[in-house]
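Those protein sequence lines, which keep their order, are chains U and C.
For the first sequence, my numbering gives the first residue as 2, with consecutive numbering after it.
For the second sequence, my numbering gives the first residue as 2, with consecutive numbering after it.
Report on one structure; see the data block that follows.
2 protein chains.
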Amino acid sequence: MAQAQPKPSPLHELCSALPSLPMRLQEVGRFVAANDYDATTRSMRELASVAGADPASFTRLAKALGYSGWDELRAALTEARRPAQGSPFSGRAKSRRAGPNADVKLVHDKLEAEAAGLARISANAIADAARALHAANRIWITGFRSCRSVAELLTYQLRLFRPDAVQMVGGSGPFDLDHGAFRADDAVVVIGFAPYTLVSVETARAAHQARAALIAIADTISAPMAEGADHLLLFEAASSPGFFPSLTGAIAVAQSLAAVAFTLGGTGAKRKLEETEGRLARMSQYTVEKG
Amino acid sequence: MAQAQPKPSPLHELCSALPSLPMRLQEVGRFVAANDYDATTRSMRELASVAGADPASFTRLAKALGYSGWDELRAALTEARRPAQGSPFSGRAKSRRAGPNADVKLVHDKLEAEAAGLARISANAIADAARALHAANRIWITGFRSCRSVAELLTYQLRLFRPDAVQMVGGSGPFDLDHGAFRADDAVVVIGFAPYTLVSVETARAAHQARAALIAIADTISAPMAEGADHLLLFEAASSPGFFPSLTGAIAVAQSLAAVAFTLGGTGAKRKLEETEGRLARMSQYTVEKG
DNA sequence: TGGGCCATGAAACATATGTTGCATGAATCT
DNA sequence: AGATTCATGCAACATATGTTTCATGGCCCA
């Protein structure tokens, strides 16, 4: 099909060829260059009517550029515009040549990207989800692989002020046991990113079937565990340049969720938190804090 | 529960409608969600052949979602994906959602503070610590309370390419058992913030006595577990206004640490990572993604 | 001025596209 | 068990699509 050769952007070669084209073709070419998104989407005739030109002009333009027809030109534009395919893990770990200071620069880039990723988190969605958490009788939380750490953090923080209501899914027993326990007045939080673990998807399904409030924390809208979710909280997993997907965003989401849920809990939550911390201190879990 | 009234992304409403659809329509819907770019570009029949489904399914999917036909669904997807900028086509109105809700503002402030906290992490220190990790024969990692999640994430990521060398402290047995096992060519990572857990301090002491390389990830220079540490990586725990200490910074540090250690591992680490991932995939831990 | 050349628009063409009706088989209900 | 609904694949349909042909008109050169 498409031979992978040195690939000069179709738009560039279009623009550079423009001056040598007949008047009408120049107009059409300019229009295509200025509206390349629509060029890939709308039909040729549609473009023609908007551009105020004849449909045939587009075919002629394509041929003048060396393509076999408009379809081929459009295909080239489409491919040029295709979003970067984020293949996780090893695919992304391209050989990054190391210098002495390369490590430091790597860390800098990574942190910068993380910070930028945080900015794209939707505060509205988090607040909504927190309300759902607050309304729930019981809360179930699950996550696998590296997302397990996020799940555990969320569980821990929520348990600080709602110890009797929150637990991890599959904590002491097979997953289906917990799946069967889901009820309509429960909330279930599923955390994951591509590639998605089967169990998390099944957990999400079970929650949906039980009509429990389903909160999905994921990196993509199309995450299978997000299907039918009442709340979908997106974070940026690929924000870091290279290597493993980043969990900074997921952690930030989880923490914000817990924080809002805590405020919604009001004085009751606050009292419970103090109680919990007092108990921990009495068990001398802590070293004496320095004054 | 809480549903958005302005204009939910076509992808969102697709994903949330998926579970209530017949099997084949679900497959097709998932395919569209995972390949929404091609969905806007290629023709319906083309998609059908790639997805291994009947062309009619796409029409039916669109209708099931409330559209008049596939063309209308595709148009919606196209508009949703349009790059922000004016064009002669759609008169698209940017509906800025103004939600001056207190919760939302809280989340915003929090995230902003997190991002600012990331900027203060020292890249140099992380790179140095990563070199120590790389040089170590075995790596021990520990963390308590909410820091346990950080410890687990770091363990997980390091194990992806050094599975035989990395483990959590106290994983299967009392802590002092592991403490006694520390050797001079080991590295020990201790994660914590105020108020500090006793065990983590003891672990740090044991590591120090064994002359193992001690890497402390903490929020303060004066952290007791940081005494005598070879590497001290600071993060901002109190960055969030009120409530719980924030772990976003700690996570970012941990991830950066793992990333640098990975690059230091070179092709060997890369090969190991691919091997590990291959094994996970073979155990069908993952759901298949895209086609 | 006349003749060849070419750009341009309109209409005709073959084809690919989205859609719909129908038959089949599985699942559900009475 | 029988009746019925429904999901699903197949094939025919009307139509929109990209392409091509043809007639027109402007342009330059002899």
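Quick reminder that beta carbons are idealized off the backbone N, C-alpha and C, glycines included.
None of the values given here were measured: they were computed from a predicted structure.
Determine, for residue i, whether the minimum Cβ-Cβ distance to residues of chain U falls below 8 Å.
i: C:Ile252; result: yes
i: C:Pro164; result: no
i: C:Ser50; result: no
i: C:Arg83; result: yes
i: C:Tyr38; result: yes
i: C:Leu215; result: no
i: C:Ala63; result: no
i: C:Ala130; result: no
i: C:Pro20; result: yes
i: C:Gln314; result: It is not possible to answer for residue 314 of chain C, since the shown part of chain C is limited to 2 through 292.
i: C:Val151; result: yes
i: C:Ser17; result: yes
i: C:Thr204; result: no
i: C:Ser44; result: no
Whole-angstrom Cβ separation of residue i and residue j, contact assumed at under 8 Å?
i: C:Ala207; j: C:His232; result: Between C:His232 and C:Ala207 the Cβ distance is about 17 Å, and since that is not below 8 Å, they are no contact.
i: C:Ala83; j: U:Tyr38; result: A small fix is needed here, since residue 83 of chain C is Arg in this sequence, not Ala. That belief holds up - the Cβ atoms of C:Arg83 and U:Tyr38 are roughly 6 Å apart, short of 8 Å.
i: C:Leu248; j: U:Leu281; result: Not confirmed; about 17 Å, so no contact.
i: C:Ala238; j: C:Pro246; result: 4 Å
i: U:Asp195; j: U:Asp177; result: A small correction: the amino acid at residue 195 of chain U is Ala; Asp does not occupy that position in the sequence shown. About 24 Å separates the two Cβ atoms, so there is no contact after all.
i: U:Ala48; j: U:Ala18; result: Checking the sequence, you will find Leu at residue 48 of chain U rather than Ala. At roughly 19 Å, the Cβ-Cβ gap does not stay under 8 Å, so U:Leu48 and U:Ala18 are not in contact.
Let me check one thing: in DSSP terms, what residues is residue i bridge-paired to?
i: U:Gly144; result: U:Ile192
i: U:Gln168; result: U:Trp141
i: C:Asp187; result: C:Arg139
Against chain C, with Cβ distances strictly below 8 Å, would residue i count as a contact?
i: U:Thr277; result: no
i: U:Leu159; result: no
i: U:Arg93; result: Unreliable placement is indicated for U:Arg93, whose pLDDT of 36 sits below 50; the coordinate value is still reported in the next sentence. Chain C, which has no Cβ nearer than 8 Å to the Cβ of U:Arg93, makes this no.
i: U:Phe245; result: yes
i: U:Glu237; result: no
i: U:Glu28; result: no
i: U:Glu14; result: no
i: U:Glu73; result: no
i: U:Ile192; result: no
i: U:Ile222; result: yes
i: U:Arg212; result: no
i: U:Pro225; result: yes
i: U:Leu234; result: no
i: U:Thr143; result: no
Within a Cβ cutoff of 7 Å, which residues of the same chain sit near residue i, ignoring the five residues on either side of it in sequence?
i: C:Arg184; result: Ala211 and Ala213
i: C:Arg75; result: Ala40 and Thr41
i: C:Phe263; result: Phe162 and Ala270
i: C:Ala137; result: Asp186, Asp187, Ala188 and Ala214
i: C:Arg139; result: Ala166 and Asp187
i: C:Pro101; result: For C:Pro101, the predicted structure reports a pLDDT of 46, less than 50, and the residue's modelled location is therefore unreliable. The matter cannot be settled from this model.
i: U:Val170; result: Trp141, Ile142, Thr143, Phe176, Asp179 and Thr204
i: C:Ala54; result: Arg25, Glu28 and Val29
Run through DSSP, which three-state label would residue i get?
i: C:Ile222; result: coil
i: U:Ile127; result: helix
i: U:Leu199; result: helix
i: C:Ala65; result: helix
i: U:Ile216; result: strand
i: U:Leu234; result: strand
i: C:Ala54; result: coil
i: C:Ile252; result: helix
i: C:Glu228; result: coil
i: U:Leu22; result: coil
i: U:Arg98; result: Confidence at U:Arg98 is low in this model, with a pLDDT of 41, below 50, so its placement is unreliable and the value that follows should be read with caution. Residue state, collapsed to three classes: coil.
i: U:Asp260; result: The residue you asked about is not Asp; residue 260 of chain U is Ala in the sequence shown. Correct three-state label for U:Ala260: helix.
i: U:Arg31; result: helix
i: C:Gly267; result: helix
i: U:Leu274; result: helix
i: U:Gly181; result: helix
i: U:Phe176; result: helix
i: C:Ala211; result: coil
i: C:Leu155; result: helix
i: U:Gly318; result: In this structure chain U extends from 2 to 292, so residue 318 of chain U is not present and cannot be described.
For residue i, I'd like the list of residues in its chain whose CB is within less than 6 Å of its CB, leaving aside the five on either flank, ordered along the chain.
i: C:Ile192; result: Gly144, Cys148, Val151, Ala152 and Ile218
i: C:Lys273; result: Phe162
i: U:Val190; result: Ile142 and Ile216
Measuring only from the beta carbon, is residue i closer than 7 Å to any heavy atom that is part of the ligand PLP?
i: C:Leu26; result: The ligand PLP is not among the ligands present in this structure, which contains no ligands whatsoever.
Kindly list the residues whose CB is nearer than 8 Å to the CB of residue i, restricted to its own chain and excluding five residues on each side of it in sequence; keep chain order.
i: C:Gly70; result: Thr60, Ala63 and Lys64
i: U:Ala319; result: It is not possible to answer for residue 319 of chain U, since the shown part of chain U is limited to 2 through 292.
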